[in-house]
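Novice: Numbering (this note's numbering), first residue to last: 226 to 519.
First, the structure itself, so that you have it in front of you.
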Amino acid sequence: MGAKINEVRIVFPYDCNNLAYLRRPEVVWLATHYCSYSRYRRPSYLENYDCFLEEHPELKRRFPSRLGSLNKLNKKDIIQLATHHCRKIQYSTPLYISNYKCFAKEHPELIERVGFLDIETSNFDANFGIMLTYCILDSKTGKILHGQINKNDIIKYPDDKTDARIVKKLIKDIQKFDRLVTHYGRKFDIPFIRTRAITDGIEFPGFGSIANDDTWLMARRKLKLNSNRQDTVDRTLYGNTNKTRINFNYWIAGGRGNKKALDNILDHNKRDVLALRRVWEKLHEFVSRRNTSI
């Protein structure tokens, strides 16, 4: 029988191009599950470890003499076992690990949902300013979830809680994702949202519930630029950028609920998340996938 593993909270990258990008629990899952479309199959070495030891005596010193627990194996060992079959059995079916597209098609619920998040605020400090707009670009649908304050928010809520409605909406939206991508978000966007949520009396997602990638850190560690600003990184990687600059008067007017100003800020916000996605798509190939919490 195949090894039993815990399938709770196993989430796979939505665009896996190579096995090295998978974490060990994900490799184990793929190694112990088979595509459902084939009638015949033969066991992998993970299912028939004795066969593996018999056919590859030269590797016995590397692998534990008894499988015991999959946790005893490192990722290279698991990949070796997951991509080799016993030679004694005639029929086979491809493993998910060798047919990732099949896996993604059969188990869309396990594929990581990535959101590209950016916010616009009236001040850089959350105890002096409020959130004016937010946008999240959905990796699965390509749609942009967004929100912005309006005149009714200014009338309905106290001065220090003007953004309570859109902060609550934002918290609801970010909980739809397994991973949020930001640019300088660990220093600004995420702490700002958390502070506003606490100030507005709204529960913020707990530690470990949503992972975060930060393209500012990726650019800082993997590139050598005069600036790691998003527009500089975007222009360097692609030769152009769709990001815009807005007169600061719009931010002042937006804080007062001016519709024209807020629409301009929201348009700027949407362009930011579109640029963020293509920067991440270029840079995330150069870093290991981590589950750093928001």
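Note that the Cβ used here is the ideal one computed from N, Cα and C, for glycine as well.
Below 8 angstroms on the Cβ atoms is my guess for histidine 509 versus aspartate 438; work out the distance and round it to an integer in Å.
Specialist: Taking the sequence shown and counting its residues from 1, the one referred to as residue 509 is at position 284. Taking the sequence shown and counting its residues from 1, the one referred to as residue 438 is at position 213. Indeed they touch by this definition, with Cβ atoms about 6 angstroms apart.
Novice: If you reduce the DSSP assignment to three classes, tell me which class asparagine 437 lands in.
Specialist: Reading the sequence shown from its first residue, position 212 is the one you call residue 437. Looking at asparagine 437 - three-state DSSP - the assignment turns out to be strand.
Novice: Assuming contact is defined by CB atoms lying nearer than 8 angstroms, are leucine 342 and leucine 405 in contact in what I supplied?
Specialist: Position 117 of the sequence shown, counted from the first residue, corresponds to residue 342. Position 180 of the sequence shown, counted from the first residue, corresponds to residue 405. Against a cut-off of 8 angstroms, the Cβ pair of leucine 405 and leucine 342 comes out as a contact.
Novice: Less than 8 angstroms between C-beta atoms, sequence neighbours within five positions excluded: which residues of the same chain meet that for lysine 423?
Specialist: Position 198 of the sequence shown, counted from the first residue, corresponds to residue 423. The identity of residue 423 in the sequence shown is isoleucine, whereas the question assumes lysine. Once the five neighbours on either side are set aside, the close Cβ partners of isoleucine 423 are Phe429.
Novice: Going by the CB atoms, is the gap between lysine 330 and arginine 249 shorter than 8 angstroms?
Specialist: Residue mapping note: residue 249 aligns to position 24 of the sequence shown, counting from 1. Residue mapping note: residue 330 aligns to position 105 of the sequence shown, counting from 1. The answer is no: Cβ separation not under 8 angstroms.
Novice: Could you give the residue range of the alpha helix (DSSP H) that holds glutamine 455?
Specialist: Sequence index remark: in the sequence shown, residue 455 carries index 230 (1-based). Looking at the DSSP string, the run of the alpha helix (DSSP H) that includes glutamine 455 is 455-463.
Novice: State the DSSP-derived secondary structure class of tyrosine 359, mapped to helix, strand or coil.
Specialist: Numbered from its first residue, the sequence shown carries residue 359 at position 134. Strand.
Novice: Please look up how many angstroms separate the CB atoms of lysine 365 and arginine 338, rounded, as I've assumed it's under 8 angstroms.
Specialist: As a first step, residue 365 must be located in the sequence shown, where it is residue number 140. As a first step, residue 338 must be located in the sequence shown, where it is residue number 113. 6 angstroms between Cβ atoms; contact.
Novice: Look up serine 518 in the DSSP assignment and give the residues it is bridged to.
Specialist: For the purposes of this step, residue 518 is identified with residue 293 of the sequence shown, where counting begins at 1. According to DSSP, which records beta bridges pairwise, serine 518 is partnered with Ala436.
Novice: The alpha helix (DSSP H) spanning histidine 493 covers which residue range?
Specialist: Locating residue 493 in the sequence shown gives position 268, where the first residue counts as 1. That run of the alpha helix (DSSP H) goes 484-508.
Novice: Measuring only the C-alpha atoms, how far is asparagine 453 from aspartate 388?
Specialist: Taking the sequence shown and counting its residues from 1, the one referred to as residue 453 is at position 228. Taking the sequence shown and counting its residues from 1, the one referred to as residue 388 is at position 163. Each residue's alpha carbon lies about 29 angstroms from the other.
Novice: Compare the beta carbon distance of cysteine 260 and tyrosine 325 with 8 angstroms and say whether it is the shorter of the two.
Specialist: The residue given as residue 260 occupies position 35 in the sequence shown. The residue given as residue 325 occupies position 100 in the sequence shown. Taking 8 angstroms as the Cβ cut-off, cysteine 260 and tyrosine 325 do not qualify as a contacting pair.
Novice: Who are the Cβ neighbours of valine 236 in its own chain at under 6 angstroms, not counting the five residues just before and after it?
Specialist: As a working note, residue 236 is residue 11 in the sequence shown. Around valine 236: Glu337 and Asp403.
Novice: To test your reading of the DSSP string, which unbroken beta strand (DSSP E) runs of 3 or more residues are found completely within the region 384-425?
Specialist: For the region 384-425, whole beta strand (DSSP E) runs of length 3 or above, ordered along the chain, are 404-407.
Novice: I need the DSSP call for serine 323, collapsed to helix, strand or coil.
Specialist: Within the sequence shown, residue 323 is the residue found at index 98, counting from 1. Serine 323 falls in the helix class under three-state DSSP.
Novice: Rounded to the nearest angstrom, what separates glutamate 283 and valine 253 at their Cα positions?
Specialist: The count along the sequence shown starts at 1 and reaches residue 283 at position 58. The count along the sequence shown starts at 1 and reaches residue 253 at position 28. In a straight line, the C-alpha of glutamate 283 is about 23 angstroms away from that of valine 253.
Novice: Whole angstroms are fine: how far does the CA of lysine 484 sit from the CA of glycine 354?
Specialist: Stepping through the sequence shown from its first residue, residue 354 is reached at position 129. Stepping through the sequence shown from its first residue, residue 484 is reached at position 259. Rounded to whole angstroms, glycine 354 to lysine 484 spans 18 angstroms at the Cα level.
Novice: Quick check on this structure: which residue in Thr440, Gly372, Arg421 and Leu370 has the alpha carbon closest to the alpha carbon of aspartate 384?
Specialist: For this step, residue 384 is matched to residue 159 along the sequence shown. Measuring from the Cα of aspartate 384, the nearest candidate turns out to be Arg421.
Novice: Taking the alpha carbon of isoleucine 369 as the point to measure from, which residue in Asn377, Ile344, Lys386 and Met356 has its own alpha carbon closest?
Specialist: Counting from 1 along the sequence shown, the entry for residue 369 is found at position 144. Residue Ile344 is the option with its Cα nearest to isoleucine 369.
Novice: Whose C-beta lies closer than 6 angstroms to the C-beta of asparagine 231 among residues of the same chain, with five residues either side of it excluded?
Specialist: Numbered from 1 along the sequence shown, position 6 holds the residue referred to as residue 231. Residue placement at asparagine 231 is flagged as unreliable, the pLDDT there being 37, under the threshold of 50; the coordinate-derived value follows with that caveat. Same-chain partners within the cutoff: there are none.
Novice: If you draw a straight line from the alpha carbon of tyrosine 463 to that of arginine 514, how long is it in whole angstroms?
Specialist: Numbered from its first residue, the sequence shown carries residue 463 at position 238. Numbered from its first residue, the sequence shown carries residue 514 at position 289. One C-alpha to the other measures close to 23 angstroms.
Novice: Near aspartate 459, which residues of its chain fall below 6 angstroms by C-beta distance, leaving aside the five closest residues on each side in sequence?
Specialist: One-based indexing of the sequence shown puts residue 459 at position 234. Thr466, Ala500 and Val504.
Novice: For isoleucine 303, which of helix, strand or coil comes out of DSSP?
Specialist: Against the sequence shown, residue 303 aligns to sequence position 78. Three-state DSSP puts isoleucine 303 in a helix.
Novice: Can you grab the Cα-Cα spacing for the pair tyrosine 274 / histidine 408, in whole Å?
Specialist: On the sequence shown, position 49 is the one that residue 274 refers to. On the sequence shown, position 183 is the one that residue 408 refers to. Cα to Cα, tyrosine 274 sits roughly 45 angstroms from histidine 408.
Novice: Let me check understanding here. Comparing Cα to Cα, which of Phe349, Ala486 and His493 lies closest to asparagine 474?
Specialist: Taking the first residue of the sequence shown as position 1, residue 474 is located at position 249. Checked all of Phe349, Ala486 and His493; the closest Cα to asparagine 474 is Ala486.
Novice: Helix, strand or coil for leucine 284? Go by DSSP, reduced to three states.
Specialist: Start at 1 with the first residue of the sequence shown, and residue 284 comes out as number 59. Correct three-state label for leucine 284: helix.
Novice: By Cβ distance, which residues of its chain are closer than 8 angstroms to phenylalanine 392, with the 5 residues on each side in sequence left out?
Specialist: Taking the sequence shown and counting its residues from 1, one reaches residue 392 at position 167. According to the sequence shown, residue 392 is valine rather than phenylalanine. Contacts found: Met356, Ile418, Arg421, Ala422, Asp425 and Ile427.
Novice: Take arginine 411 as the anchor and find which of Gln400, Asp488, His281 and Ile435 has the nearest alpha-carbon.
Specialist: Here residue 411 corresponds to residue number 186 of the sequence shown, with the count starting at 1. Selected option, being the one with the closest Cα: Ile435.
Novice: Roughly how many whole angstroms lie between the Cα atoms of arginine 446 and proline 333?
Specialist: Position 221 of the sequence shown, counted from the start, is the residue given in the question as residue 446. Position 108 of the sequence shown, counted from the start, is the residue given in the question as residue 333. Cα to Cα, the separation comes out at about 32 angstroms.
Novice: What residue range does the alpha helix (DSSP H) around valine 252 cover?
Specialist: Start at 1 with the first residue of the sequence shown, and residue 252 comes out as number 27. Per DSSP, valine 252 belongs to the alpha helix (DSSP H) from 249-256.
Novice: Under 8 angstroms by Cβ, that's how I've got tryptophan 306 and alanine 256 pegged, so tell me the actual separation to the nearest angstrom.
Specialist: To locate residue 306, count along the sequence shown from 1; it is residue 81. To locate residue 256, count along the sequence shown from 1; it is residue 31. In the sequence as presented, tryptophan is not what sits at residue 306; that position holds leucine. Correct: roughly 6 angstroms between the Cβ atoms.
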